[in-house]
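Asks: Note that the protein sequences, when read in sequence, are chains A and B. Residues in the first sequence are numbered from 112 upward in steps of one, following the numbering used here. Residues in the second sequence are numbered from 112 upward in steps of one, following the numbering used here. Structure below; questions to follow.
There are 2 protein chains.
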Amino acid sequence: METKNPKYRGQGIHVMASIFTVDHGVVKILLVKRNMEPLDGMWSLPGGALYNDEDLDDGMDRELLEKTGLIIPNLRQCGVFGKAHRAFCMRMVAISYFGVISQFKVEHFNSTLKSSNARWFSIHQIPPLAYDHEEIVKDALEKLKEGIFESDILTSLFSEKFTLPEIQRVYESILGTKYDRRNFRKKMLSLDLIEDTFETARFEGRKPAKLYRFRKENK
Amino acid sequence: METKNPKYRGQGIHVMASIFTVDHGVVKILLVKRNMEPLDGMWSLPGGALYNDEDLDDGMDRELLEKTGLIIPNLRQCGVFGKAHRAFCMRMVAISYFGVISQFKVEHFNSTLKSSNARWFSIHQIPPLAYDHEEIVKDALEKLKEGIFESDILTSLFSEKFTLPEIQRVYESILGTKYDRRNFRKKMLSLDLIEDTFETARFEGRKPAKLYRFRKENK
DNA sequence: CTTGACTTGTGTATATATTACACATATAAT
DNA sequence: ATTATATGTGTAATATATACACAAGTCAAG
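Below is the structure:
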C-alpha cells in the first residue's frame with residue numbers, strides 16, 4: 112500500500128527506556144555505551160528498533176533485556192519524539208518509556224550490568240548522549256515526578272519492607288524537595304497502599320523506624 | 112542501517128486526529144469516509160502517513176488539512192497505538208492527537224467539509240470505525256476531559272466573546288456532569304483566563320448574561 | 001550509668017480549597 | 001400587570017493541605 116510512495120518509505124520505530132534508581136540519596140539513570148556506528152562509543156538510552164511482530168510494550172521489554180540484561184516491570188510509556196531529522200540515516204520515531212528499580216534489586220544485577228555496556232549515572236552527571244536522548248531523559252524525569260505517588264511506581268521503587276523515613280528520602284531526592292515528616296507520613300498513609308508490619312529497623316537514625324510493607328489488596 | 116533486517120523492515124508512522132466540537136449540547140467528533148481499499152467506505156479518523164521530512168506535529172496539521180480542509184490550532188498529542196497487528200498490510204504505529212473547535216468556527220467550514228468526505232457525528236452515535244479507531248477516539252475523549260480546564264483548550268472551544276452559562280453547558284456536555292452555577296463561575300474566574308467585557312447577551316434565558324472574553328495577557 | 005547527640009513518632013491548629021445551598025433580578029410572553 | 005424562565009450573587013460547611021513542637025528510643029562518649 113502506502114510504502115510505494117517515497118515520501119513515507121523507510122520509516123522506523125524505536126523504543127527507549129529511562130530507568131531510574133535512587134542510590135544513597137542520588138538519583139541515577141541507566142545508560143549503555145553504543146558499540147557500533149554511528150556514534151560508536153557514545154552513551155545512550157537502552158532501546159532500539161521495534162520488531163514488526165511484537166507489541167510496543169513487549170518490544171521495550173525485549174530491548175531493555177537485550178541491552179542491559181534487566182527485566183523491569185511496570186515500564187510506563189511517557190513520550191514520543193518525532194522531529195524530522197532526529198536520526199541520521201532514516202526517519203525514526205522514538206517511543207519513550209520510564210521505569211524505576213529499587214537499589215536492593217539493582218545489586219542483584221551488578222554482574223549482569225558489567226557484562227553489558229551498561230552503567231548507572233547520577234542524573235547530575237550525565238555524559239553527552241547520542242541523538243536527542245538528553246531531551247528524552249529530561250522529559251522522562253518530569254513524567255516520573257508527576258507519577259511518583261502512584262502505586263506501580265511506588266512498589267517498584269522499594270523492596271518488600273521499608274521505613275517511612277526511607278521512602279521520604281527517596282521522594283525528596285527525586286522531586287528535589289523537602290517534606291515535613293508528619294505531613295509526609297500522613298499523605299503516604301492516606302494513599303492506603305502500605306501497612307504497618309509491627310517490626311522495626313534502623314534507617315539512618317538512632318531510634319529504630321517502623322517497618323511498613325505494601326498492602327496485598329490495593330482495593 | 113537497521114532496515115536491512117527483515118524483523119524491522121517496512122514500518123510506518125501514522126498521525127490521527129480526534130477533533131471535537133459541541134453543537135447545542137451534543138459533543139461531536141469529525142470523521143472521514145475512506146475512499147480506498149482496504150476498508151473502502153468505512154468511517155475513520157482523519158489522518159495518514161507521516162512524511163519523512165516533516166515533524167510529527169506538522170504532519171498531523173497537514174494530514175488534517177488534506178483530509179478535512181480544516182486548520183485547527185493547538186492540537187495536542189495524546190496517545191500511541193502500537194499493537195503488532197493493528198493494521199493489515201504493514202507495521203503501523205499511530206500517534207494520536209486531539210483538538211477542539213468552537214461551533215462558531217465550524218459553521219465557517221461547512222462548505223469545505225461537504226467537498227471532503229468529512230462529517231460530524233455525535234459521540235453517542237459513532238458508526239463502526241476502521242482499524243482500532245474506536246479505541247483511539249475513546250482514549251482521546253478521556254484526554255480531552257483531563258485537560259479541559261487548560262487555557263489552550265478553553266480558547267479553542269469558544270469564540271471571542273461568550274457567557275458563563277454558555278461555557279458551563281459545553282463543559283457539562285463534554286464531562287457528562289452538572290455543575291452548580293455559582294461554583295462553576297467561581298472556578299472559571301479563579302483560573303484568571305477570562306475577564307468581564309461589561310456587555311451582555313442572551314444565551315438561553317430571559318435575563319441577559321454577562322459577556323466575557325479571554326484575557327490577552329495570560330500571565 | 002549518666003549525659004548528649006541524633007533520628008524517629010505523634011497531634012493539633014491554621015489556612016486553603018471544595019462543596020452545598022436560596023433568593024433577588026432582568027427579560028419575554030401572556 | 002402577571003407569570004415563566006434563566007441569570008447573578010454570597011455565605012456556611014466540609015474537606016484538604018500546611019505549619020509547627022515535644023517526647024521517646026538508641027548509640028557513643030565521658
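Ideal placement from N, C-alpha and C gives every residue a C-beta, glycine not left out.
1) Could you check the C-alpha separation between residue 164 of chain B and residue 323 of chain B for me, to the nearest Å?
2) What residues of chain B sit near residue 202 of chain A, judged by a beta carbon separation below 7 Å?
3) If you compare alpha carbons, which of A/292, A/131, A/308 is closest to residue 209 of chain A?
4) Can you tell me the Cα-Cα spacing of residue 194 of chain B and residue 258 of chain B, whole angstroms?
5) Given a threshold of 16 other Cβ atoms within 10 Å of its Cβ, counted over all protein chains shown, does residue 200 of chain B qualify as buried or as exposed?
6) Compute the beta-carbon to beta-carbon distance between residue 269 of chain A and residue 233 of chain A, rounded to the nearest angstrom, for a pair I have assumed lies under 8 Å.
7) Along the chain, which unbroken stretches of the beta strand (DSSP E) at least 3 residues long are found entirely within the region 245 to 295 of chain B?
8) Counting pairs of beta carbons, one from the region 302 to 313 of chain A and one from the region 160 to 179 of chain B, are three or more of them closer than 8 Å?
9) Beta-carbon of residue 143 of chain B versus every beta-carbon of chain A: anything under 8 Å?
10) Which same chain residues end up closer than 8 Å to residue 272 of chain A when comparing Cβ atoms and leaving out the 5 residues on each side of it in sequence?
11) If I measure Cβ to Cβ from residue 185 of chain B and keep anything under 6 Å in the same chain, skipping five residues before and after, which residues do I get?
12) Thinking C-beta only, is residue 162 of chain A closer than 8 Å to residue 119 of chain B?
13) Note down, in chain order, all residues in the region 287 to 299 of chain A with a beta-carbon under 9 Å from any beta-carbon belonging to chain B.
14) When the Cβ atoms of the region 220 to 240 of chain A are set against those of the region 170 to 184 of chain A, are three or more pairs found closer than 8 Å?
15) Leaving out five residues on either side along the sequence, give the residues of the same chain with a beta carbon under 7 Å from the beta carbon of residue 265 of chain B.
16) What first and last residue would you give for the beta strand (DSSP E) that runs through residue 207 of chain B?
17) Within the chosen definition, does the region 152 to 160 of chain B reach the region 122 to 139 of chain B through at least 3 CB pairs nearer than 8 Å?
18) Identify the residues that DSSP records as bridge partners of residue 122 of chain B: which are they?
19) Output, in chain order, the set of chain A residues within a Cβ distance shorter than 7 Å of residue 216 of chain B.
20) Does the beta-carbon of residue 125 of chain A have 16 or more other beta-carbons within 10 angstroms, so that it is buried, or is it exposed?
21) Find the residues of chain A that neighbour residue 194 of chain B, judging by a C-beta separation of less than 8 Å, and give them in chain order.
22) Taking buried to mean at least 16 other C-beta atoms within 10 Å of its own C-beta, is residue 202 of chain A buried or exposed?
23) For residue 258 of chain B, go through chain A and note every residue whose CB falls closer than 7 Å to its CB, in chain order.
24) Distance, Cα to Cα, residue 293 of chain A vs residue 284 of chain A?
25) Per DSSP, which one or two residues make a beta bridge with residue 127 of chain B?
26) Looking only at C-alpha atoms, which of B/183, B/248, B/297 sits nearest to residue 219 of chain B?
27) Around the Cβ of residue 244 of chain A, are there at least 16 other Cβ atoms within 10 angstroms (buried) or fewer (exposed)?
28) Whose Cβ in chain A lies nearer than 8 Å to the Cβ of residue 206 of chain B?
29) Comparing C-alpha positions only, which one of A/296, A/306, A/291, A/275 sits nearest to residue 319 of chain A?
30) Just list the residues that DSSP pairs residue 214 of chain B with in beta bridges.
31) Extract the residue ranges of the beta strand (DSSP E) inside the region 291 to 320 of chain A, only unbroken runs of 3 or more that lie entirely within it.
32) Check residue 224 of chain B in the structure and name its three-state DSSP category.
33) Can you tell me which of the three DSSP states residue 178 of chain A falls into?
34) What distance in whole Å lies between the Cβ atoms of residue 136 of chain B and residue 280 of chain B, which are believed to be in contact at a cut-off of 8 Å?
35) Which residues in chain A have a C-beta closer than 8 Å to the C-beta of residue 188 of chain B? List them in chain order.
36) List, in order along the chain, the chain B residues whose C-beta lies closer than 8 Å to that of residue 247 of chain A?
Replies: In short, the structure shows the following:
1) For the purposes of this step, residue 164 of chain B is identified with residue 53 of the second sequence, where counting begins at 1. For the purposes of this step, residue 323 of chain B is identified with residue 212 of the second sequence, where counting begins at 1. Straight-line Cα distance between these residues: approximately 42 Å.
2) Here residue 202 of chain A refers to the residue found at position 91 when the first sequence is read from its first residue. Within chain B, the C-beta atoms nearer than 7 Å to that of residue 202 of chain A come from 163, in chain order.
3) Against the first sequence, residue 209 of chain A aligns to sequence position 98. Put simply, of A/292, A/131, A/308 the residue whose alpha carbon is nearest the alpha carbon of residue 209 of chain A is A/131.
4) For the purposes of this step, residue 194 of chain B is identified with residue 83 of the second sequence, where counting begins at 1. For the purposes of this step, residue 258 of chain B is identified with residue 147 of the second sequence, where counting begins at 1. Our two residues, residue 194 of chain B and residue 258 of chain B, have alpha carbons roughly 26 Å apart in a direct line.
5) For the purposes of this step, residue 200 of chain B is identified with residue 89 of the second sequence, where counting begins at 1. Per the 10 Å Cβ criterion, exposed.
6) Residue mapping note: residue 269 of chain A aligns to position 158 of the first sequence, counting from 1. Residue mapping note: residue 233 of chain A aligns to position 122 of the first sequence, counting from 1. For a cut-off of 8 Å, the C-beta gap from residue 269 of chain A to residue 233 of chain A is around 20 Å, too long to register as a contact.
7) Complete beta strand (DSSP E) runs here, min 3: 272 to 274.
8) Taking a contact to require three or more Cβ pairs closer than 8 Å, the region 302 to 313 of chain A and the region 160 to 179 of chain B do not qualify as touching.
9) Working through the second sequence from its first residue, we reach residue 143 of chain B at position 32. No, its Cβ sits nowhere closer than 8 Å to a Cβ of chain A.
10) Translated into the one-based positions of the first sequence, residue 272 of chain A becomes position 161. Excluding positions up to five away in sequence, the list reads 308, 310, 312, 322, 323, 324.
11) As a first step, residue 185 of chain B must be located in the second sequence, where it is residue number 74. Within the same chain, residue 185 of chain B has close Cβ partners 263, 267.
12) By 1-based counting over the second sequence, the position of residue 119 of chain B is 8. By 1-based counting over the first sequence, the position of residue 162 of chain A is 51. In this structure, residue 119 of chain B places its C-beta atom within 8 Å of the C-beta atom of residue 162 of chain A.
13) The region 287 to 299 of chain A vs chain B, Cβ under 9 Å: nothing.
14) They touch, by the three-pair rule.
15) Along the second sequence, read from residue 1 onward, the residue named residue 265 of chain B stands at position 154. Listed in chain order, the non-local C-beta contacts of residue 265 of chain B below 7 Å within the same chain comprise 304, local neighbours out to five positions each way being set aside.
16) Residue numbering aside, residue 207 of chain B sits at position 96 when the second sequence is read from its first letter. Counting along the chain, the beta strand (DSSP E) containing residue 207 of chain B begins and ends at 202 to 211.
17) Yes, the region 152 to 160 of chain B is in contact with the region 122 to 139 of chain B.
18) As a working note, residue 122 of chain B is residue 11 in the second sequence. Paired residue(s): A/122, B/202.
19) Locating residue 216 of chain B in the second sequence gives position 105, counting from the first residue. Correct list: empty, because the minimum Cβ distance to chain A is about 28 Å.
20) Numbered from 1 along the first sequence, position 14 holds the residue referred to as residue 125 of chain A. Buried: at least 16 other Cβ atoms inside 10 Å.
21) The residue labelled residue 194 of chain B in the question sits at position 83 within the second sequence. Under the 8 Å cutoff, chain A gives 166, 167.
22) Taking the first residue of the first sequence as 1, we reach residue 202 of chain A at position 91. The residue is buried, with at least 16 neighbouring Cβ atoms inside 10 Å.
23) In the second sequence, residue 258 of chain B corresponds to position 147, counting from 1. Within chain A, not a single residue places a beta-carbon under 7 Å from that of residue 258 of chain B; the smallest gap is close to 14 Å.
24) The sequence position of residue 293 of chain A within the first sequence is 182, counting from 1. The sequence position of residue 284 of chain A within the first sequence is 173, counting from 1. Straight-line Cα distance between these residues: approximately 18 Å.
25) Numbered from 1 along the second sequence, position 16 holds the residue referred to as residue 127 of chain B. Note: residue 127 of chain B sits in a beta bridge opposite B/158, B/207.
26) By one-based count along the second sequence, residue 219 of chain B stands at place 108. If we check each option's Cα against that of residue 219 of chain B, B/183 comes out closest.
27) On the first sequence, residue 244 of chain A is found 133 positions in, with the first residue counted as 1. Buried, because 16 or more other Cβ atoms sit within 10 Å of the Cβ of residue 244 of chain A.
28) Numbered from 1 along the second sequence, position 95 holds the residue referred to as residue 206 of chain B. Chain-ordered, the chain A residues with CB closer than 8 Å to the CB of residue 206 of chain B read 191, 193, 204.
29) For the purposes of this step, residue 319 of chain A is identified with residue 208 of the first sequence, where counting begins at 1. Nearest to residue 319 of chain A by C-alpha distance, out of A/296, A/306, A/291, A/275, is A/275.
30) Here residue 214 of chain B corresponds to residue number 103 of the second sequence, with the count starting at 1. DSSP, once it has assigned bridges, lists no residue as partnering residue 214 of chain B.
31) Secondary structure in the region 291 to 320 of chain A: the beta strand (DSSP E) runs of 3 residues or longer, each lying completely within the stretch, are 305 to 312 in chain order.
32) If you number the second sequence from 1, residue 224 of chain B lands on position 113. In this structure, residue 224 of chain B counts as helix in the three-state DSSP scheme.
33) Translated into the one-based positions of the first sequence, residue 178 of chain A becomes position 67. Helix.
34) Taking the second sequence and counting its residues from 1, one reaches residue 280 of chain B at position 169. Taking the second sequence and counting its residues from 1, one reaches residue 136 of chain B at position 25. For a cut-off of 8 Å, the C-beta gap from residue 280 of chain B to residue 136 of chain B is around 6 Å, short enough to register as a contact.
35) Position 77 of the second sequence, counted from the first residue, corresponds to residue 188 of chain B. The answer, in chain order, is 191.
36) Against the first sequence, residue 247 of chain A aligns to sequence position 136. Here the premise fails: no neighbours, minimum Cβ distance about 14 Å.
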